[in-house]
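Here's the structure we're looking at; comments come further down.
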Amino acid sequence: GTRIIYDRNFLLNMRNSPLSQ
Amino acid sequence: EWPTVKCKQGEHQLQYSYCVWFSRRTPGNKASSANYEQNIKIIGSFASVEQFWTLYSHIARPCDLTSSSDYHLFKHGIKPMWEDEANKKGGKWIVRLRKGLASRLWENLVIAMLGEQFMVGEEICGAVVSVRFAEDIISIWNRTASDNSINIRVRDTLQRVLNLPPNTIMEYKTHTDSLKDRSSF
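Residue numbers (my numbering), protein chains in the order written: chain A, 4 to 24; chain B, 3 to 187.
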C-alpha cells in the first residue's frame with residue numbers, strides 16, 4: 004500500500020505551523 | 003489502556019500513530035520486569051505531524067533530563083518492552099553518545115522515523131533515548147532480529163540520519179539476549 008513519507012525539511016518547517024502550537 | 007488518538011481535519015497524518023513513554027529508574031536498582039512496568043508511563047500520543055510538534059514542544063529535551071531517564075517513542079499498540087508481541091523476536095541498534103549530543107540526534111532520529119525514512123515496511127517498532135551519567139544512548143527497535151538485510155538497512159539509515167562519523171560504533175542486541183542478561187545495553 005501507499006506509505007506516508009515526509010522528508011526532514013518538511014517536518015522541521017511544520018514545527019512553526021499554527022496547528023503545531 | 004491505550005489512549006485514543008486521531009488525526010484531526012487539516013492536520014498531516016502520519017503513517018502510524020505513536021505514544022511517548024517516560025521512565026526513570028532509581029540508580030542502583032537492578033531492573034526487573036515488574037519494576038519496569040511500574041516505572042514507565044505514557045505521557046502523550048499523536049497521529050499527525052502537528053500533534054507531534056505540539057507534544058514535543060511541551061516536554062523536556064533529553065539533555066535537560068536527570069540521569070537514568072528514558073523517552074520511548076513507540077508505535078501505538080506496541081509497549082516498549084522486550085516481551086511485547088511485536089518486540090519478542092526483535093532487537094535494537096544501539097549508539098552510545100558523549101554527553102551534549104543526545105537532544106539534537108534524538109530529534110533527527112524521531113523525525114526520520116515519523117517520516118518513514120527507514121523504508122523497512124512494518125519493521126520499526128520504536129526508538130529510545132536513555133540519559134545516563136557518563137553518556138547517553140540512542141536505540142531503535144525492530145521486529146525481526148534474524149533478518150540481516152533489514153538490520154543492515156536500519157543501521158545504514160540510522161547512521162545517515164544521525165550523521166554519525168563513519169567510525170562510530172553501533173551494536174545490535176537481540177531482545178532475547180537482553181532478557182537473558184537482564185540488561186538493556
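Ideal placement from N, C-alpha and C gives every residue a C-beta, glycine not left out.
Contact under 8 Å by Cβ, residue i with residue j
i: His78/B; j: Ser47/B; result: yes
i: Val112/B; j: Thr170/B; result: no
i: Ser35/B; j: Asp72/B; result: no
i: Leu57/B; j: Val22/B; result: yes
i: Leu14/A; j: Gly117/B; result: yes
i: Ala104/B; j: Met115/B; result: no
i: Gly92/B; j: Trp143/B; result: yes
Under the three-state DSSP convention, the category residue i falls into
i: Thr159/B; result: helix
i: Tyr38/B; result: helix
i: Arg11/A; result: helix
i: Leu67/B; result: coil
i: Arg27/B; result: coil
i: Trp55/B; result: helix
i: Arg98/B; result: strand
i: Val22/B; result: strand
i: Asp86/B; result: coil
i: Ile154/B; result: helix
i: Ala147/B; result: coil
i: Lys175/B; result: strand
i: Leu111/B; result: helix
Alpha-carbon to alpha-carbon, residue j and residue i
i: Lys90/B; j: Ile7/A; result: 27 Å
i: Arg145/B; j: Asp86/B; result: 10 Å
i: Leu160/B; j: Ser141/B; result: 9 Å
i: Val133/B; j: Ser70/B; result: 6 Å
i: Arg11/A; j: Asn41/B; result: 32 Å
i: Glu125/B; j: Tyr174/B; result: 15 Å
i: Pro167/B; j: Leu99/B; result: 12 Å
i: Met189/B; j: Arg157/B; result: Here chain B comprises residues numbered 3 to 187, so residue 189/B is not present and cannot be evaluated.
i: His60/B; j: Asn165/B; result: 26 Å
i: Ser180/B; j: Ile80/B; result: 18 Å
i: Met83/B; j: Gly12/B; result: 34 Å
i: Tyr9/A; j: Glu52/B; result: 13 Å
i: His177/B; j: Pro21/A; result: 41 Å
i: Phe76/B; j: Phe135/B; result: 24 Å
i: Asp138/B; j: Ala88/B; result: 25 Å
i: Trp55/B; j: Arg18/A; result: 6 Å
i: Ser23/A; j: Cys9/B; result: 13 Å
i: Thr5/A; j: Gln119/B; result: 14 Å
i: Ser185/B; j: Ala147/B; result: 17 Å
Identity of the residue in the options nearest residue i by Cα
i: Val131/B; options: Arg155/B, Lys94/B and Arg162/B; result: Lys94/B
i: His74/B; options: Glu109/B, Ser148/B, Asp179/B and Phe135/B; result: Glu109/B
i: Val163/B; options: Arg106/B, Ile44/B and Phe135/B; result: Arg106/B
i: Ile154/B; options: Glu137/B, Ser180/B, Phe135/B and Met121/B; result: Met121/B
i: Trp4/B; options: Lys10/B, Arg27/B, Asn37/B and Lys43/B; result: Lys43/B
I want to know whether the stretch 7-17 of chain B touches the stretch 56-73 of chain B - three or more CB-CB distances under 8 Å. no
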